[in-house]
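The sequence shown maps to residues 58 to 105 in our numbering. Below is one structure, written out as structure tokens, with a few remarks after it.
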Amino acid sequence: MKIKVTYSLDEKLIEKLKEVSEKTMIPQSRIVEAAIKEKLEEMESTKK
58 MKIKVTYSLD EKLIEKLKEV SEKTMIPQSR IVEAAIKEKL EEMESTKK
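Encoded structure:
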């Protein structure tokens, strides 16, 4: 199940996200979700 959330992000980061989304035709939400998952997995693996 997906839950709608709201975050404030740096303007330049949002511009890059929009560019990548438009070029790849991947929705911004999927890009953000993948980036968060990757970072959380990285952080979990360095904790051990």
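All C-beta atoms in this analysis are idealised placements derived from N, C-alpha and C, irrespective of residue type, glycine included.
| field | Boundaries of the alpha helix (DSSP H) in which Leu70 is found, first to last residue | value | Glu68 to Thr81
| query | Is Leu74 closer than 8 Å to Ile88 when the C-beta atoms are compared? | reply | yes
| task | May I ask which residues mark the beginning and end of the alpha helix (DSSP H) holding Thr103? | result | Gln85 to Lys104
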